[in-house]
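Protein chains in written order, with this note's numbering: chain L, 1 to 232; chain Z, 1 to 244.
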Amino acid sequence: MYTKRPDGRKFDEIREMKAKVGVVPRANGSALFAFGDTIAIASVYGPRPLHPQHLQNPEKGVLRVNYDMLSFSVPERKKPGPTRRSQEISKVTEWALLPALQIKNFQNTVVDVHIAVLQANASTRCAGINAASLALAHAGVPMTELVSAVSIGKIDDKIVVDLIKEEEDHKEGEGSTDIPMAFLSESGKISLLQLDGKISSKKLKEAIEAGKKACKKIYELQKKTLKEIREE
Amino acid sequence: MAKSQNKTETKKAQKEKREIVVPGEKIASEEDYLPGEWTKKEGNSIIALRFGLADKSGRLVKIIPLSGIYMPRKGNIVIGRVIDITFNGWIIDIDSPYQAFLPITECSKFVNKNDLSECYDIGDTIVAKVLNVKRKGIDLTTKGRNLGKLEEGMVIQINSNKVPRVIGKEGSMINLIKKESDCEIIVGQNGVIWIKGPKVENELFAQKAILFVTEKSYIEGLTEKTKEWFEKSKNKIEKKNKEE
Chain L
1 MYTKRPDGRK FDEIREMKAK VGVVPRANGS ALFAFGDTIA IASVYGPRPL
51 HPQHLQNPEK GVLRVNYDML SFSVPERKKP GPTRRSQEIS KVTEWALLPA
101 LQIKNFQNTV VDVHIAVLQA NASTRCAGIN AASLALAHAG VPMTELVSAV
151 SIGKIDDKIV VDLIKEEEDH KEGEGSTDIP MAFLSESGKI SLLQLDGKIS
201 SKKLKEAIEA GKKACKKIYE LQKKTLKEIR EE
Chain Z
1 MAKSQNKTET KKAQKEKREI VVPGEKIASE EDYLPGEWTK KEGNSIIALR
51 FGLADKSGRL VKIIPLSGIY MPRKGNIVIG RVIDITFNGW IIDIDSPYQA
101 FLPITECSKF VNKNDLSECY DIGDTIVAKV LNVKRKGIDL TTKGRNLGKL
151 EEGMVIQINS NKVPRVIGKE GSMINLIKKE SDCEIIVGQN GVIWIKGPKV
201 ENELFAQKAI LFVTEKSYIE GLTEKTKEWF EKSKNKIEKK NKEE
């Protein structure tokens, strides 16, 4: 039985979140987002001309996401450079953000999003999506809504919000299942749902409900962060 | 009398209603509003399509962007850099999503068709006017007063959304800065500013003033504040000179 979380949180409690906008002055838009000690920064450049030319789309603008974990972000040094994992996360982040964007009028251009994970303790892709969504809004890219993401886990038979590394590695009972998911803020649509492990369809529905609730809280923080820019 | 009162009231109402909105947020839910720039109508409510200040002037609701890349409009004066020369014109980088094109026919000077670089060479900074914006590509012209190549001076870059604050009402702010720093200044709508003064010190002083304005852009009555700032920094400079 899984009764207590290693960091003493409640089962539906998110780690302490931190969000800040404008952390990279050189970029058109940038943001930092942290779930506890998982920290991601995102910077947005563009829309700008896309090179090489064969990647250009004459019908609509292109979104290009690059996710990277810095070599000092994990206890064991990560070899720098793209990996199979980072390529996959870049792609799913792109798909998670695209439904919220309105870049069809920027033909032949690209919006570049660079996500760097400064410190990793699970849910890095969710922190990355949250940061990227803030950064895109900050860069003035036309969007219909914001995107919020959270990772929901099933540990043994308990639904748990915002996993940490220790919980991801839980082995007893049914083991651990990690489900990162992203929601669009207004329409409530799901733009990312990945599943790593085993789960029954009933439990999955429960997990999605928990994710929806958690994402509302994240959205409130994102909104607050953007509205506070003026006071700086 | 009644009319003027009415006017001040509407002005007040406008000021109260300008607040920051995030994408997807409902700005107005009453039926009698119309969607303006960067907004859309969904049912009875008006939804923000980008991050910025919501402005309700009359029935029209629009968003004034606070950030983001420069989008060229017809008639804008911009400052750009020549990045390439083709057989019939120059390609100019004006810090917008698309590169701009300046055709030979829109150059004010006589151009030797065999060597376009005699007129504008790669790397030159030029002031130009946006002639028209097509679906893809921007056309420029340098025909007109004060347009053409910029020599000497320095170029700084600011957020293009803050250009209206740097210029001020009917140019009040920019004229103040010009007067106080004794510099020639050209502000491009794309956020590129060219400064030329008698000495480097003057240019740096003008740059400092412009950066002050962009940092404090959300304050009301900014021209007055800038005047105060000029007096303060002038005193400082005098003190420094005396000490030396």
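C-beta: ideal position from N, C-alpha, C; glycine also. In this text, all values refer to a predicted model and were calculated from it rather than measured experimentally.
Residue i, enclosing alpha helix (DSSP H) - first and last residue
i	result
Ile167/Z	163 to 167
Ala96/L	84 to 97
Lys234/Z	222 to 243
Arg64/L	First-last for Arg64/L: 62 to 69, but that is the beta strand (DSSP E), not the alpha helix (DSSP H).
Gln207/Z	200 to 215
His54/L	Note, His54/L: premise wrong, no alpha helix (DSSP H); not H, not E.
Ile208/L	201 to 227
Thr124/L	124 to 138
Reference residue i, options the options, closest by Cα
i	options	result
Ser160/Z	Arg18/Z, Ile46/Z, Ile193/Z	Ile193/Z
Gln119/L	Leu163/L, Leu98/L, Leu70/L	Leu70/L
Asp12/L	Ile129/L, Lys216/L, His170/L	Lys216/L
Pro49/L	Ile39/L, Phe72/L, Ala137/L, Gln107/L	Gln107/L
Gln194/L	Glu166/L, Gly153/L, Ala40/L, Lys60/L	Gly153/L
Tyr219/L	Lys171/L, Glu172/L, Leu134/L, Tyr45/L	Leu134/L
Gly52/Z	Met143/L, Lys4/L, Lys79/L	Met143/L
Lys273/L	Lys202/L, Lys212/L, Arg64/L, Leu98/L	Residue coverage of chain L in this structure runs from 1 to 232, which leaves residue 273/L outside it and unanswerable.
Val127/Z	Asn114/Z, Lys136/Z, Glu151/Z, Val111/Z	Glu151/Z
Asp196/L	Glu206/L, Gly173/L, Leu226/L, Ile155/L	Ile155/L
Ala131/L	Val21/L, Ala207/L, Pro80/L	Val21/L
Ala116/L	Val23/L, Pro99/L, Val150/L, Leu184/L	Val23/L
Gly175/L	Asn28/L, Lys91/L, Lys224/L, Lys198/L	Lys198/L
Ser29/Z	Ile47/Z, Val213/Z, Ile20/Z, Glu19/Z	Ile47/Z
Leu136/L	Lys212/L, Gly81/L, Ala100/L, Lys189/L	Ala100/L
Ile64/Z	Val163/Z, Lys234/Z, Met173/Z, Asn235/Z	Val163/Z
Limits of the beta strand (DSSP E) - the one that residue i falls within
i	result
Arg50/Z	That residue, Arg50/Z, is in no beta strand (DSSP E); it is neither H nor E in DSSP.
Lys171/L	No beta strand (DSSP E) contains Lys171/L, which DSSP labels as neither H nor E.
Leu101/L	It is not in any beta strand (DSSP E) - Leu101/L carries neither H nor E in the DSSP assignment.
Gln241/L	With chain L covering only 1 through 232, there is no way to say anything about residue 241/L.
Thr3/L	That residue, Thr3/L, is in no beta strand (DSSP E); it is neither H nor E in DSSP.
Ile126/Z	125 to 133
Glu184/Z	184 to 187
Ile27/Z	26 to 28
Ser151/L	147 to 155
Burial state of residue i, where buried means 16 or more other Cβ atoms lie within 10 Å
i	result
Ala139/L	buried
Met1/L	exposed
Ile237/Z	exposed
Glu231/L	Below a pLDDT of 50, predicted positions are generally treated as unreliable, and Glu231/L, at 48, falls in that range; no measurement from the model is reported.
Thr86/Z	exposed
Lys129/Z	buried
Lys3/Z	Summary for Lys3/Z: the model assigns pLDDT 46, below 50, so the residue's position carries little reliability, and this model does not support an answer.
Trp95/L	exposed
Glu9/Z	Unreliable positioning characterises Glu9/Z in this predicted model, as indicated by a pLDDT of 49, which lies under 50. A coordinate reading is not provided.
Pro23/Z	buried
Asp95/Z	buried
Thr3/L	exposed
Thr109/L	buried
Glu106/Z	buried
Asn88/Z	exposed
Pro97/Z	buried
Met1/Z	Since pLDDT at Met1/Z reaches only 41, below the 50 mark, its modelled position is unreliable, and the value read off the structure follows with that caveat. It counts as exposed.
Pro58/L	exposed
Glu25/Z	buried
Gly81/L	exposed
Arg165/Z	buried
Asp115/Z	exposed
Thr83/L	exposed
Asp169/L	exposed
Whether residue i touches residue j by CB criterion (8 Å)
i	j	result
Ala31/L	Val113/L	no
Asp68/L	Asn121/L	no
Ile14/L	Val161/L	yes
Glu209/L	Pro6/L	no
Lys260/L	Lys60/L	Here chain L comprises residues numbered 1 to 232, so residue 260/L is not present and cannot be evaluated.
Ile89/L	Arg125/L	yes
Gln102/L	Leu49/Z	yes
Glu184/Z	Phe230/Z	no
Ile92/Z	Gly153/Z	no
Any C-beta of chain A under 8 Å from that of residue i
i	result
Met69/L	Among the protein chains in the structure shown, which are L and Z, there is no chain A.
Closer than 8 Å between beta carbons: that is the criterion. Which residues of the segment 75 to 103 of chain L meet it against chain Z?
Ala100, Gln102
Along the segment 67 to 81 of chain Z, where does the CB come closer than 8 Å to a CB of chain L? Name the residues.
Ser67, Gly68, Ile69
Taking any Cβ of chain Z, which residues in the segment 169 to 187 of chain L have a Cβ under 7 Å from it, in chain order?
Ser185, Glu186
Going along the chain, which residues of the segment 118 to 149 of chain L sit with their C-beta nearer than 8 Å to a C-beta in chain Z?
Ala137, His138, Ala139, Gly140, Val141, Pro142, Met143, Thr144, Glu145, Leu146
Taking only beta carbons into account, state which residues of the segment 93 to 106 of chain Z come closer than 8 Å to chain L, listed in chain order.
Pro97, Tyr98, Gln99
Residues of the segment 130 to 141 of chain Z whose Cβ lies closer than 8 Å to any Cβ of chain L, in chain order
Arg135, Lys136
Using a Cβ cut-off of 8 Å, which residues of the segment 43 to 70 of chain Z contact any Cβ in chain L, in chain order?
Ile47, Leu49, Arg50, Phe51, Gly52, Pro65, Leu66, Ser67, Gly68, Ile69
Check each residue of the segment 24 to 38 of chain Z: if its Cβ is closer than 8 Å to any Cβ of chain L, include it; give the result in chain order.
Gly24, Glu25, Trp38
Selection of the segment 34 to 54 of chain L by Cβ proximity to chain Z, strictly under 8 Å:
Gly46, Pro47, Arg48, Pro49
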